[in-house]
Amino acid sequence: MLNYRDNILHIEGKSLPKLAEEIETPFFLLSESRIRGNYNALERGLSSSDIRIKIRYCAKTNNEAGVLKLLADCGSDILVSHLSEAQLALLCGFSPEKIAFQRPVLTEEEVRSVLALGVTFFHAYRMEHLDILKRVADESDVEVRISLRLRNDTPISRFLPIGFLSSRLGFNSSEIYPAVEFILESRGLHLRALNFYRGTQQGNPQRYHYLLRKSANLASRIYSQHGIAIDEINMGGGIPSPSIRGAVKRRFWRGQTNLRASTNSTNALENYARRLSEQYYQEVQSVGLPKHPILALEPGRSIVGNAGVLITRVRNVQGRWVFLDASRNYLGENPFLFTRYILPVDMRGRDSFRYYHLSGSTLNTTDVIDLWRHLPILTSMDVLALCDAGAYSISRSNRYAGMAPAIYLLKKDGSLRMIRRPEESSDLMSPMIFKNGE
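When you number the sequence shown by my numbering, it's gap-free, plus one each residue, and the end is 631.
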């Protein structure tokens, strides 16, 4: 997707310096070809073990309408996390039966509203969820399909900060079977799936093994004791993007300015999905289920992450500090947890390098995009491409001391289409209530 030609950075054959002259910076640029390529690579890899599969895109990763319409066209299902996102999914071409709903805190009012849209598939995290879903299902006379979330209780998770935080979600080992029996005794609830979430950027597919085996054993127990076949085992997300790295590799990665060939290939993604598929087949085969449940995944970053770049311009240089017109307001992930390629779009005549600190454009003290980044000598008006900006960026944006920029989609035919205009003053003020002209 990205490559240098004669020291000029191109995306899908288009010159980024030229685009930065034509479009006011900062702006996001998404590649349709890469989004489709990532989705197709996952689909090929998962299908390799001759099992039924389902890809359910996690909308909170990037819920821009232009992205959702593209994925609906690919045939994806979708996972939404609030009512407005469910309404958006319908507008973007997802049928109600292709939409799943999850939220750690459910209310009867929101459940009723989601059911009114025709969406009947819910992830349940705790018994209180099942109580709410049962009450609303009974009063609405609607069949609510349930996917039970298993808690991330892998032995190592308790020693990791993110693992500890994620362990608050889902049923633990002592709670899960009472939840199964509660559903089986309920008229309006129907147990359809089991799901778990191992965590983001899981570099080794083997890390899914513990929770996958637990899910397969539970599915086998449910079938042997009740004759109920689980339709789906959902392994969640966590499939890594190949062009983003964790903090442990930061010292090496921060000096990278040459693109590795692997960042432009979907082979790693397909191979990862193939290994997941093989692991899944072996586990469900070993428990002796008469029919294998569907293997479902809910990826986000692995589909859209490396399909996006944020184009930003240097506005000032003050010693080691470089002040950009972009901001962490819309590139929200902590740069000390994950690090990405930061590439000058024009490398002509750039032979001298130094380490820089990159500041965002707002008064937020933590608006720092990176520290000690090895880059060619920079001057005002130079343009940088912040890579792997398609995931958890604009969907996590805020208006603290700034506004979000435009998003453009680079179509397969080479045309460029704005799919989100830059925010303006009306976006800031429209939710506010003014009385008597005040």
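Beta carbons: idealized from backbone N, C-alpha and C, even for Gly. Computed from a predicted model, the values in this text were never measured in an experiment.
- Annotation: leucine 222 to tyrosine 474 spans about 38 Å, alpha carbon to alpha carbon.
- In terms of Cα proximity to alanine 372, the closest of Ile339, Arg513, Ser360 and Arg249 is Ile339.
- DSSP places arginine 305 within a helical segment (H, G or I) once states are collapsed to three.
- For aspartate 518, there is no enclosing alpha helix (DSSP H), as DSSP marks it with neither H nor E.
- It is roughly 26 Å from the alpha-carbon of lysine 211 to the alpha-carbon of tyrosine 548.
- With distances taken between CA atoms, arginine 614 lies nearest to Pro598 out of Pro598, Arg385 and Tyr390.
- By alpha-carbon distance to arginine 305, the top candidate from Leu571, Glu332 and Asn499 is Glu332.
- In the three-state scheme derived from DSSP, where H, G and I count as helix and E and B as strand, leucine 263 is classed as helix.
- Fully enclosed beta strand (DSSP E) runs of no fewer than 3 residues occupy 576-579, 599-603 and 609-613 of the segment 564-629, in order along the chain.
- Within 10 angstroms of the beta-carbon of isoleucine 376 lie 16 or more other beta-carbons, which makes it buried.
- Counting of Cβ neighbours within 10 angstroms places phenylalanine 627 among the exposed residues, the total staying below 16.
- DSSP places alanine 279 in the helix class (H, G or I) of the three-state scheme.
- Beyond the five residues adjoining it in sequence on each side, arginine 400 comes within less than 7 Å, by CB distance, of Arg391 in the same chain, given in chain order.
- Taking the C-beta atoms as reference points, valine 538 is found nearer than 7 Å to alanine 578.
- As computed with DSSP, glutamine 511 is found in a beta bridge with Trp514.
- Within the same chain, and ignoring the five residues on either side of arginine 237 in sequence, the residues whose Cβ sits closer than 6 Å to its Cβ are Glu463.
- Ranking Ser434, Glu214, Met574 and Leu202 by CA distance to the CA of threonine 393 puts Ser434 first.
- Pairing leucine 571 with valine 502 gives a Cβ-Cβ distance that is not under 7 Å.
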